[in-house]
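In the working numbering, the protein residues as written are 117 to 442.
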């Protein structure tokens, strides 16, 4: 058994997480720092993504290294938080060596949270730097924190009937020292479910009950969807297995199954659903069939559990109640 398992992405040795949170503006960013020797993958399934440095993770491209992943609120403006991560890592001498210097590799993704707080305040470079400076291997703070501060879910009937989303983390111990962890920021149009028993955790509020976003969409019982088009679920799956870039890409792709199990429906036109993966390359000798299937299964479970944690740990902000307020 892996020692000190705490059910979060920092259970993967070497992974560190830091948040910058602005509760007044209701926005923030989250940095996931990778140990030396890490490589990554990415899979974008939503139709409205906001991303940076995703092409470098493609298996056909040259650079194998990834140094951090930045997740941020602020819509496309929030991509600036990755600049701060680059500055922080450069100061530590971390990155791809180019001449006498280094170029840190920091892929990033954002979510739209401009409608809940003060939309004129978005995470900037300094805030991304702060998130990195605060990063640690401690248990991950969850709920309305970092990139999840302004997240909301279940918006098919409009923001006025939405439920507060947030940031969640989970991990799965595969035995023999092999661990898979996930960190997910949940800002979806759809409702959130428990995949284990099918129960509705967070759906649009209709009086004293919650409706189902899938049924709302199919029946046409909708608020004006173009007005709630800013959404997205973004996250990171990490494992201490030694993977190739192609295998890391496969893990990122398969991790969306965990998203689809817990968020129904997911990957909509107004969602920018993006999942990154990290291989810290700590454990070698990974079987490309048996162990890869186990890592994929672990990533699906970790992501679905992280999504549930994101909603369950959230608190009321900006007038949007959490599931705990209902």
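Ideal Cβ placement from N, Cα and C applies to all residues, glycine included.
Just so we're clear, the structure is a prediction, and the values are computed from it rather than from any experiment.
Over what stretch of residues does the alpha helix (DSSP H) that includes residue 248 continue unbroken?
-> Here the question's residue 248 lines up with position 132 in the chain shown. Element bounds for residue 248: 241–249.
Pairwise C-alpha distance: residue 197 and residue 119 | The residue labelled residue 119 in the question sits at position 3 within the chain shown. The residue labelled residue 197 in the question sits at position 81 within the chain shown. With a pLDDT of only 37 at residue 119, under the threshold of 50, the placement of this residue in the model should not be trusted; the figure read from the coordinates follows. The alpha-carbon of residue 119 is positioned some 33 Å away from that of residue 197.
Assuming residue 276 contacts residue 425 under a Cβ cut-off of 8 Å, what Cβ separation, rounded to an integer in Å, is found between them?
-> Looking up residue 276 in the chain shown gives position 160. Looking up residue 425 in the chain shown gives position 309. Rounded, the Cβ-Cβ distance is 25 Å, inconsistent with contact.
Should the region 233–241 be regarded as contacting the region 122–140, the criterion being three or more beta carbon pairs within less than 8 Å?
-> With a cut-off of 8 Å on Cβ pairs, the region 233–241 is in contact with the region 122–140, counting three or more such pairs.
Just mark residue 245 as buried or exposed, buried being the case when its beta carbon has 16 or more other beta carbons within 10 Å.
-> Position 129 of the chain shown holds residue 245. By the beta-carbon neighbour count (other beta carbons within 10 angstroms, threshold 16), residue 245 is buried.
Outcome for residue 70 when other beta-carbon atoms lying within 10 angstroms are tallied against a minimum of 16 | Lying outside 117 to 442, the shown extent of the chain, residue 70 is not represented and no answer is given.
Grouping DSSP H, G and I as helix and E and B as strand, with all else coil, what is residue 327?
-> Position 211 of the chain shown, counting from 1, holds the residue named residue 327. Collapsing the DSSP output to three states places residue 327 in coil.
Across which residues does DSSP place residue 143 in a beta bridge pair?
-> Against the chain shown, residue 143 aligns to sequence position 27. Its beta-bridge partners are 138.
On a CA-only basis, which of 201, 162 and 226 is nearest residue 247? Give me that one, please.
-> On the chain shown, position 131 is the one that residue 247 refers to. Nearest option by C-alpha distance: 201.
Measuring CB to CB, does residue 422 end up less than 8 Å from residue 394?
-> Against the chain shown, residue 422 aligns to sequence position 306. Against the chain shown, residue 394 aligns to sequence position 278. In this structure, residue 394 does not lie closer than 8 Å to residue 422 by Cβ.
Under 8 Å between C-beta atoms of residue 370 and residue 376 | For this step, residue 370 is matched to residue 254 along the chain shown. For this step, residue 376 is matched to residue 260 along the chain shown. No; because the gap between Cβ atoms is not below 8 Å, this pair is not in contact.
Using DSSP with H/G/I as helix, E/B as strand and the rest coil, what is residue 380?
-> Indexing the chain shown from 1 puts residue 380 at position 264. Reduced to three states, the DSSP call for residue 380 is strand.
Could you give the DSSP three-state label for residue 420: helix, strand or coil?
-> Counting from one through the chain shown, the residue named residue 420 turns up at place 304. The three-state reading of DSSP puts residue 420 in helix, counting H, G and I together.
Note down the Cα distance separating residue 93 from residue 409, rounded to an integer number of angstroms.
-> Because residue 93 is not part of the residues shown, which for the chain are 117 to 442, the question remains open.
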